[in-house]
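Working notes, beginning with the structure itself.
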Amino acid sequence: TQYRSEIYVYDDAQRAAAEASLERYQTRLRDGGFGDIVTTVVDAPEFYFAEEYHQQYLHKNPGGYCNHGFCQVSYA
Numbered sequence: 036t037q038y039r040s041e042i043y044v045y046d047d048a049q050r051a052a053a054e055a056s057l058e059r060y061q062t063r064l065r066d067g068g069f070g071d072i073v074t075t076v077v078d079a080p081e082f083y084f085a086e087e088y089h090q091q092y093l094h095k096n097p098g099g100y101c102n103h104g105f106c107q108v109s110y111a
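With the working numbering as the guide, the letters of the sequence shown map in order to residues 36 to 111.
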């Protein structure tokens, strides 16, 4: 989907850390009865800053959309 998440990495060390983190959290999610993480780890593309109206979105829109915290499964 257009909202699928990706973790961008610049080197093998970052890739290893990202994949280890995903595996760790996937275990916690499965223990909590949730499905698979669909986030992918990919090489970082060229970076461009978004338009100004996208910057600091939640600061500018305190009641705006935020998808963090839905499942309440702790990473730790």
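For glycine and all other residues, C-beta sits at the position ideal for the given N, C-alpha and C.
Among the residues of its own chain, which have a CB less than 7 Å from the CB of residue i, if the five just before and after it don't count?
i          : result
valine 108 : Arg63, Leu64, Gly67 and Phe69
If you reduce the DSSP assignment to three classes, tell me which class residue i lands in.
i            : result
threonine 74 : coil
tyrosine 60  : helix
glutamine 49 : helix
Do residue j and residue i count as a contact pair if the criterion is CB distance below 8 Å?
i             : j            : result
tyrosine 100  : valine 77    : no
threonine 75  : glutamate 54 : no
tyrosine 45   : alanine 79   : yes
isoleucine 72 : leucine 57   : yes
From which residue to which residue does the alpha helix (DSSP H) around residue i run?
i           : result
tyrosine 88 : Element bounds for tyrosine 88: n/a, residue is neither H nor E.
What first and last residue would you give for the beta strand (DSSP E) that runs through residue i?
i           : result
tyrosine 43 : 41-44
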